[in-house]
Every structure is written in structure tokens, then in C-alpha cells.
Amino acid sequence: MILQPIIKAQGLVKHYGRVVALDHADLELYPGEVLGVIGDNGAGKSTLIKAISGALQVNAGEILLENKPVSFKNPMEAREAGIETVYQNLAVSPALSISDNMYLGREIRIAGILGKVFRMLDKKTMQQQAREKLSDLGLLTIQNINQAIETLSGGQRQGVAVARAVAFGSRVVIMDEPTAALGVKESKLVINLIKDVREQGMPVILISHNMPQVFEVSDRIQILRLGKSVAVVKPETHSMSEAVSIMTGALDPNDHEAGAYCSPHNGN
Amino acid sequence: MRFYPGSSMVSFMSEFLENKTKEDDYNPVGMNTGGEVADFSEKHFSVANKTHRFFHSQPVAAPAIILLTSIIVFGLIVGDRFFHPYNFSLILQQVTIIGILAVAQTLVIMTAGIDLSVGAIMVISSVVMGRLAVDFGFPPVLAIIVGLFVGAFFGGLNGFFIVRFKMPPMIVTLGTWNIIYALNIWYSNSETIRSGDVRDIAPLLQWTGNSFNFLGGRLTFGSILMVIIFVVVWYALNWTPWGRHVYATGDDPEAAALTGIRTDRILMSVYILAGVICAFCGWVIIGRIGAISPASGTTANLDSITAVVIGGTSFFGGRGSIYGALFGALIVGVFRNGLALAGLDVLWQEFTVGALIIIAVAVDQWIRRVGS
Numbered sequence: 136m137i138l139q140p141i142i143k144a145q146g147l148v149k150h151y152g153r154v155v156a157l158d159h160a161d162l163e164l165y166p167g168e169v170l171g172v173i174g175d176n177g178a179g180k181s182t183l184i185k186a187i188s189g190a191l192q193v194n195a196g197e198i199l200l201e202n203k204p205v206s207f208k209n210p211m212e213a214r215e216a217g218i219e220t221v222y223q224n225l226a227v228s229p230a231l232s233i234s235d236n237m238y239l240g241r242e243i244r245i246a247g248i249l250g251k252v253f254r255m256l257d258k259k260t261m262q263q264q265a266r267e268k269l270s271d272l273g274l275l276t277i278q279n280i281n282q283a284i285e286t287l288s289g290g291q292r293q294g295v296a297v298a299r300a301v302a303f304g305s306r307v308v309i310m311d312e313p314t315a316a317l318g319v320k321e322s323k324l325v326i327n328l329i330k331d332v333r334e335q336g337m338p339v340i341l342i343s344h345n346m347p348q349v350f351e352v353s354d355r356i357q358i359l360r361l362g363k364s365v366a367v368v369k370p371e372t373h374s375m376s377e378a379v380s381i382m383t384g385a386l387d388p389n390d391h392e393a394g395a396y397c398s399p400h401n402g403n
Numbered sequence: 007m008r009f010y011p012g013s014s015m016v017s018f019m020s021e022f023l024e025n026k027t028k029e030d031d032y033n034p035v036g037m038n039t040g041g042e043v044a045d046f047s048e049k050h051f052s053v054a055n056k057t058h059r060f061f062h063s064q065p066v067a068a069p070a071i072i073l074l075t076s077i078i079v080f081g082l083i084v085g086d087r088f089f090h091p092y093n094f095s096l097i098l099q100q101v102t103i104i105g106i107l108a109v110a111q112t113l114v115i116m117t118a119g120i121d122l123s124v125g126a127i128m129v130i131s132s133v134v135m136g137r138l139a140v141d142f143g144f145p146p147v148l149a150i151i152v153g154l155f156v157g158a159f160f161g162g163l164n165g166f167f168i169v170r171f172k173m174p175p176m177i178v179t180l181g182t183w184n185i186i187y188a189l190n191i192w193y194s195n196s197e198t199i200r201s202g203d204v205r206d207i208a209p210l211l212q213w214t215g216n217s218f219n220f221l222g223g224r225l226t227f228g229s230i231l232m233v234i235i236f237v238v239v240w241y242a243l244n245w246t247p248w249g250r251h252v253y254a255t256g257d258d259p260e261a262a263a264l265t266g267i268r269t270d271r272i273l274m275s276v277y278i279l280a281g282v283i284c285a286f287c288g289w290v291i292i293g294r295i296g297a298i299s300p301a302s303g304t305t306a307n308l309d310s311i312t313a314v315v316i317g318g319t320s321f322f323g324g325r326g327s328i329y330g331a332l333f334g335a336l337i338v339g340v341f342r343n344g345l346a347l348a349g350l351d352v353l354w355q356e357f358t359v360g361a362l363i364i365i366a367v368a369v370d371q372w373i374r375r376v377g378s
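Chains A and B supply the protein sequences, listed in that same order.
Everything in the first sequence is counted per our numbering, starting at 136 for the first residue and increasing by one.
Everything in the second sequence is counted per our numbering, starting at 7 for the first residue and increasing by one.
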């Protein structure tokens, strides 16, 4: 069976004045996979991801979502199309509770006149569903769904942000440096979360500086160099040092026995 | 392993690989963590830590405790005169104006802003109501409605400059405070509309000053209106999506925008609503004073900020509660009343209020530290 990519980005170009951030970059994300995106500083990782999540608009190139061309004017439109992004700064409100944060911007209101005219929140349903979403990800031991986000540790906050993205992202979850601010133990929890998300069948794009983590959790790894997509490697075929060599330009990916492009299909 | 001298990435890599050989820096995930992804269970905390957390989760607890303590202390010092129901209803009448303005001020401070023009908006609304009803013969109901629109307009003007031009709220409202004050003098010709004229021509304007017996004290309809405004705004903040969005916008505007909240609309709605509440207060102040004077309520804006701060609402936004403002206004009212009954000079009332502000902010900063 030949898989169709969920997201296919082709020839994306983005320049800021005379600085070229993306130089005909491509990206393909297939169902059920974790796609790592790595590259040296300034290689265009975040620009590529922002283009897909609607945070910026490209100068040229096209993005296909399930074979249909899309162009998002803002992150909201991408979210409506089913692409959820976990931002580096998490986009949570520290003083609000876990359930408030999970439903921020898409609150559920009580049915009937109370909800329609008086716009009353259905706190009970939201709390119950928030608890379910967190349990689905194995965050079972939450005692109080009403506790403020700021009383949680960094890993727990990440858990809430990831749970929110998975709960509402119908097609794709993008994670931008999810472990950058976390310690070793908490990073492991987040990596486990990413694995759980994949088990639920949701494809994930993971941007990270942390090579061992990318190699551990990714099915395929896209390598960016100077705004171009130079290679897509697999942890089974390429070592970390080979990936770094491709990143820095020391190794021509075509010289590698596995080639410059590893397809998502097995045995390739 | 190949080395490529001169590349920082590669030297980082080699460092990493050395660590890897020690096998203590990084274990494959999922080996030791088991099924538990994150542990949310509560740890055991000391008593001090628990107290800290309690005040953090219940921001209104501190002002409530201060209010109760001050009532008990003044009751012990002053005695029956303080505990008389009539005295309590007097305190309530005295805090009504500041209480209503504090609701408007709380909304604005919750979004990490500040509104110096609340007093000016209140007065110009009352002058418009009075001029229309008494001088131009408008039906009083219509005059009040126009006054409310005037409040909404000036609130919206504040919001427009703050949202559209990203100007600091303090500077914008400092400007509009002066502008509204000048317009107020111009529109009223610096003349006070006498209480008798209001009573004869438009008694509805003074209705907020009418009172009825309640448990031995006297409640005014203005105080009732204050309670209604508190309940309505409390509901809106705690039980509607709009309220959650106000908190989120004040807490972290960028994060709020990323979750899809139109923060510019939220800010605009907050300033307009604050203006309308100030206009309601304009109606209440007519009932309290009887006459309609362009010079009334000169210290009201600063008093409203005092009430909000003492009520535990944080100046950094996103934290606080509407009943905190009510407690704050009542605390100031109880202190002023109690100190006056105890026979102290007025200057010691001012001294105490100043001390309360500093203590309130110090407590707020201590409470906020629980998060970090």
C-alpha cells in the first residue's frame, strides 16, 4: 500500500529583506509517524514550521493538506483545519486552571437559554472532559483539575499543552522544542507523551535541538541546511554523527548508502 | 567517528558521544518511568507552605481576614457605637461610590492596565444626565440612558488609544482624565445644579439616594445597585467565556492570542464596560450628594485604585477577583469610620490607608511567589 502524505509542502521560499530563511524547502508528513525536523541554528526549522502552522506566510511554494492546497493567514485557520501547534512558550495562562486552559478559546456553554442568552459556561462538562483527555495520555494522577497551571511543574505544564493539542488537533500535532526548557527527567515524560500521541494514530512534527531525543522518538528525520531540505534520514539507517555531518555540510547525503531520501515505507 | 575541526556543532556532538559512553547522562525513554507519564499527585508540604498555597489559591482570603479582623478590633476599641446597624449601613453608603468605581477599576487592572479617568467619566456622566433632564427637559429615563452612553463613549475612547496605538493605559487615561475634566467644566459652565431643582424636575436622578429600613439600618438603592453590579460582573468574569478571556488576556496576552482569543476585542470590551459602570456610578453620586456638581468626586479615581489593590487584585494582570474590590472598599470604609469614631484626626485615616496599600502590595508579591 502506498501511503499518501497528510501534509506535503513543496518549494517553500521565505525571505526577510535580503536574508533567505527558506530556499525551496520541502516537507512530507505521513499518517501515524513522528517526523523529526533538525538543522543548525538559522537553517530554517522554525520558519518552516511557522509556515505550516499559519504563523507566517511564504513568498513562494505550496502546502497541501491531504492533497488540497491550503494557505493559512493565521494560526487560527490552521487550527480550524486540524493542525494544532504546541508552542515553545506553551501558550498557557498560568493563573487559570488546567481545565480552563484546555478549553481556552473554545469553551463549552450550557445548553439552552442559560448558555445562549447568559452565555453560561458548562464547567462540569469541561472539567470532566479535560480529565478524560489527560487520562488518555496517561496523566492519570491529576488530583485537582481546577488547580492553577502555575502550580504545576514544567513537565506537567507541557503535558497539559500537549493534551490540549491532541484533544483538538484532528489531523496533525506540531511540537516546537517541547523539551527545551525541561530537565532530563521531565524531558523523558514529554518524549513518552509524544510516543503516546503516535500510538493514538496522530502524526507529529517534532522540532528539537536535542539529537538523542529526536533519534529516539522519530520515525523519520528531516534535515535542513541553509533553508533547504537536504535529506530525510531514518534512525535505523543513519547514525547521529552522520546526521550531524549532513547538517553541517561535511557529508553529502547522496554519498550515504541509504541515500538522501528515506521514504516512510518499510524496507527502504 | 570522524571529526571536522572548526565546526561547533561537531564539537558539541563529540562531547555528547563521550557522555553517551558513560551511559549515565541519557537513558532511552520509557525504561524506568514505567506507565506513569507525569505525576500530578500532591506532595507533602509544611504548614507554612500550605498557608502560602491557600492564600495563592484563594486570593480573596487575605482581604476577607483583614476585613473581619478590623471589624472585631474596632468593635473592641469603639464599642457599641461601631457595632450599631445604623453605623454599618452608614459605612455601606460611604463605600458605595468607591465600590462601584472599584468594579470598573478591577476589570481594567485585571488586564494589566489602569484607568485614571474613572472618576472623570463618572462626573461627566452625572453632569450630562443632570443637564439633559433639568436644563433641557429630557425625560429622566432618557437622560440616564444618554449618560450611560457617554460613559461607554469615553471608556471606548480609552480602549481605542490603548488597543489601536498600543499606548500605555496609564498615559492614555492620564490624558483622557484631563480632557474629560476640561469638557466637564465647559459643558456644565462650572455650575452646580441645585439639589432642589433636581428633586422638583427629575426626582428619578436622586432615586439612588432613597433609602429603606433594613435590620435597624438604612439601605440606599444606590447600595443595592452596587451589589447588583458586583453580582453581574462577578458572573460575567467567572461563568462566561468572556470572563475567562479577560483573565487570560491579562495574564499573558501573547499566549492568549495564540489560543485564538481576540485580545484586542477583549481589551476594548473591558474599557467600554468600565465606562458604562462609571456612568452608573454617576447616577449613584447624584443620589448621594443630591446636587450635581462638576467638582465632585475629585479623589474617586485614586480611591478606586486603593480599593482594588487592598482587595488583592494584582497590578501585573490576570489575578484577582471582583469581590476582592468590594472587600477592599469595605476595608477602607471600616478603617476610616472606625478611626473617626475612635476620635483620631482625619490625617491618621490617610496615614492608615497609605500603610494598607503598601501592606497589600507586599502580601500580593509574597503570594505570587508560590508559582515559581
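Backbone N, C-alpha and C fix where the C-beta goes; we use that ideal spot for every residue, glycine too.
Three CB pairs or more closer than 8 Å across the segment 110–123 of chain B and the segment 306–315 of chain B: Output reads yes: the segment 306–315 of chain B touches the segment 110–123 of chain B.
Closer than 7 Å at the beta carbon, the chain A residues around B:Asp370: Residue mapping note: residue 370 of chain B aligns to position 364 of the second sequence, counting from 1. Neighbours of B:Asp370 across chain A, judged by C-beta separation under 7 Å, do not exist; the nearest C-beta is about 13 Å away.
Chain A contacts made by the segment 195–213 of chain B, where a contact means CB separation under 7 Å: Only those residues of the segment 195–213 of chain B whose C-beta falls short of 7 Å from the nearest C-beta of chain A would be listed, and there are none.
Counted within 10 angstroms of its Cβ, other Cβ atoms place B:Trp192 as buried (16 or more) or exposed: Reading the second sequence from its first residue, position 186 is the one you call residue 192 of chain B. Answer is exposed; the Cβ neighbour count stays below 16.
Quick one: does A:Asn194 have its CB under 8 Å from some CB of chain B? Along the first sequence, read from residue 1 onward, the residue named residue 194 of chain A stands at position 59. Not an interface residue.
List the residues that DSSP assigns as beta-bridge partners of A:Ser407. Past the boundaries of the shown model lies residue 407 of chain A; chain A is included only from 136 to 403, so the question cannot be answered.
Using the rule of at least 16 other Cβ atoms within 10 Å of the residue's Cβ for burial, across every protein chain shown, is A:Lys320 buried or exposed? Locating residue 320 of chain A in the first sequence gives position 185, where the first residue counts as 1. Around the beta carbon of A:Lys320, fewer than 16 other beta carbons sit within 10 angstroms, so the residue counts as exposed.
With H, G and I counted as helix, E and B as strand and the rest as coil, what does DSSP make of A:Ile326? Mapped onto the first sequence, residue 326 of chain A falls at position 191. Three-state DSSP puts A:Ile326 in a helix.
Does DSSP classify B:Pro300 as helix, strand or coil? As a working mapping, residue 300 of chain B is identified with position 294 in the second sequence. In the structure shown, B:Pro300 falls within a coil segment according to DSSP collapsed to helix, strand and coil.
Since I believe B:Val84 is in contact with B:Leu347 (beta carbons under 8 Å), could you give me their beta-carbon distance rounded to a whole number of angstroms? Position 341 of the second sequence holds residue 347 of chain B. Position 78 of the second sequence holds residue 84 of chain B. In this structure B:Leu347 is in contact with B:Val84, their Cβ atoms being roughly 5 Å apart against a cut-off of 8 Å.
Closest by C-alpha distance to A:Gly290, when choosing among A:Pro166, A:Glu212 and A:Lys323: Taking the first sequence and counting its residues from 1, the one referred to as residue 290 of chain A is at position 155. Per the Cα distances, A:Lys323.
For A:Asp235, which residues in chain B fall below 9 Å Cβ to Cβ? For the purposes of this step, residue 235 of chain A is identified with residue 100 of the first sequence, where counting begins at 1. Under the 9 Å cutoff, chain B gives Arg250, Tyr253 and Ala254.
Between the C-alpha atoms of A:Val325 and A:Gln293, what's the straight-line distance to the nearest angstrom? The count along the first sequence starts at 1 and reaches residue 325 of chain A at position 190. The count along the first sequence starts at 1 and reaches residue 293 of chain A at position 158. Distance from the CA atom of A:Val325 to the CA atom of A:Gln293, rounded to whole angstroms, is 7 Å.
Closest Cα partner of B:Gly326 within the set B:Phe227, B:Arg271, B:Ile71 and B:Asp370: Counting from one through the second sequence, the residue named residue 326 of chain B turns up at place 320. B:Asp370 is the residue among B:Phe227, B:Arg271, B:Ile71 and B:Asp370 whose C-alpha sits nearest the C-alpha of B:Gly326.
Run down chain A in chain order and give the residues with a C-beta less than 7 Å from the C-beta of B:Trp245. Working through the second sequence from its first residue, we reach residue 245 of chain B at position 239. Going along chain A in sequence order, the residues near B:Trp245 (Cβ under 7 Å) are Met255 and Leu256.
Taking the alpha carbon of A:Pro166 as the reference point, which residue from A:Ile340, A:Asn389 and A:Ser376 has its own alpha carbon closest? For this step, residue 166 of chain A is matched to residue 31 along the first sequence. Nearest in C-alpha terms to A:Pro166, of all of A:Ile340, A:Asn389 and A:Ser376, is A:Ile340.
Tell me A:Gln145's beta-bridge partners as DSSP assigns them. On the first sequence, position 10 is the one that residue 145 of chain A refers to. According to DSSP, A:Gln145 bridges with A:Glu197.
Against chain A, which members of the segment 262–282 of chain B pass a CB distance test of less than 8 Å? From the segment 262–282 of chain B, only Ala262, Leu264, Thr265, Gly266 and Ile267 have a Cβ closer than 8 Å to chain A.
Around the C-beta of A:Glu392, are 16 or more other C-beta atoms found within 10 angstroms, so that it is buried, or is it exposed? The count along the first sequence starts at 1 and reaches residue 392 of chain A at position 257. Per the 10 Å Cβ criterion, exposed.
Is B:Phe333 closer than 8 Å to B:Pro69 when the C-beta atoms are compared? If you number the second sequence from 1, residue 69 of chain B lands on position 63. If you number the second sequence from 1, residue 333 of chain B lands on position 327. The beta carbons of B:Pro69 and B:Phe333 sit closer together than 8 Å.
Would you mind giving the Cβ-Cβ distance between B:Phe227 and B:Val109, rounded to the nearest angstrom? I have them listed as a contact below 8 Å. Taking the first residue of the second sequence as position 1, residue 227 of chain B is located at position 221. Taking the first residue of the second sequence as position 1, residue 109 of chain B is located at position 103. About 17 Å; that fails the 8 Å criterion.
Give me the residue from B:Leu279, B:Tyr187 and B:Ile127 with the minimum Cα distance to B:Leu113. Sequence index remark: in the second sequence, residue 113 of chain B carries index 107 (1-based). Of B:Leu279, B:Tyr187 and B:Ile127, the residue nearest in Cα terms is B:Leu279.
Determine the direct distance from the alpha carbon of A:Gly384 to that of A:Ala366, and round the result to whole angstroms. Residue mapping note: residue 366 of chain A aligns to position 231 of the first sequence, counting from 1. Residue mapping note: residue 384 of chain A aligns to position 249 of the first sequence, counting from 1. Taking the straight line joining both Cα atoms gives about 11 Å.
Residues of its chain near B:Ala126, where Cβ-Cβ distance is below 6 Å and the 5 sequence neighbours each way are ignored: For this step, residue 126 of chain B is matched to residue 120 along the second sequence. Around B:Ala126: Trp183, Ile186 and Tyr187.
Just checking my contact of B:Leu154 with B:Ala285 at CB under 8 Å: how many whole Å lie between their CB atoms? Here residue 154 of chain B refers to the residue found at position 148 when the second sequence is read from its first residue. Here residue 285 of chain B refers to the residue found at position 279 when the second sequence is read from its first residue. Right, the Cβ-Cβ distance comes to about 5 Å (below 8 Å), so this counts as a contact.
What separation, rounded to the nearest whole angstrom, lies between the Cα atoms of B:His58 and B:Leu362? Position 52 of the second sequence, counted from the first residue, corresponds to residue 58 of chain B. Position 356 of the second sequence, counted from the first residue, corresponds to residue 362 of chain B. About 20 Å.
Check whether the Cβ atoms of B:Val101 and B:Leu336 lie closer than 8 Å to each other. By 1-based counting over the second sequence, the position of residue 101 of chain B is 95. By 1-based counting over the second sequence, the position of residue 336 of chain B is 330. For the 8 Å CB-CB criterion, B:Val101 and B:Leu336 form a contact.
Bridge partner(s) assigned by DSSP for B:Arg170: Locating residue 170 of chain B in the second sequence gives position 164, counting from the first residue. DSSP lists no partner for B:Arg170.
When B:Asn216, B:Ile104 and B:Arg205 are compared against B:Met232, the one with the closest alpha-carbon: As a first step, residue 232 of chain B is located in the second sequence; it is residue number 226 there, counting from the start. Out of B:Asn216, B:Ile104 and B:Arg205, the CA that lies nearest to the CA of B:Met232 is found in B:Ile104.
Any beta carbon of chain B sitting closer than 8 Å to that of A:Arg214? Against the first sequence, residue 214 of chain A aligns to sequence position 79. Output row for A:Arg214: interface = yes.
Based on Cα-Cα distance, which residue from A:Ala316, A:Gly318 and A:Cys397 lies nearest to A:Ser353? Taking the first sequence and counting its residues from 1, one reaches residue 353 of chain A at position 218. Of the candidates A:Ala316, A:Gly318 and A:Cys397, the one whose C-alpha sits nearest the C-alpha of A:Ser353 is A:Cys397.
Taking CB distances under 8 Å as the criterion, tell me whether A:Val227 reaches chain C. Going by chain labels, chain C is absent from the structure shown, which instead holds the protein chains A and B.
A:His159 (DSSP reduced to helix, strand or coil): Taking the first residue of the first sequence as 1, we reach residue 159 of chain A at position 24. In the displayed model, A:His159 falls within a strand according to three-state DSSP.
For B:Leu138 and B:Ser299, I'd like the C-alpha separation in whole angstroms. Within the second sequence, the letter at position 132 stands for residue 138 of chain B. Within the second sequence, the letter at position 293 stands for residue 299 of chain B. Each residue's alpha carbon lies about 14 Å from the other.
Based on the DSSP output, what are the partners of B:Ile115 in its beta bridges? Counting from 1 along the second sequence, the entry for residue 115 of chain B is found at position 109. The partner list for B:Ile115 (beta bridge, DSSP) is empty, contrary to what the question assumes.
What span of residues does the beta strand (DSSP E) with A:Pro204 cover, start to end? In the first sequence, residue 204 of chain A corresponds to position 69, counting from 1. Looking at the DSSP string, the run of the beta strand (DSSP E) that includes A:Pro204 is Lys203 to Val205.
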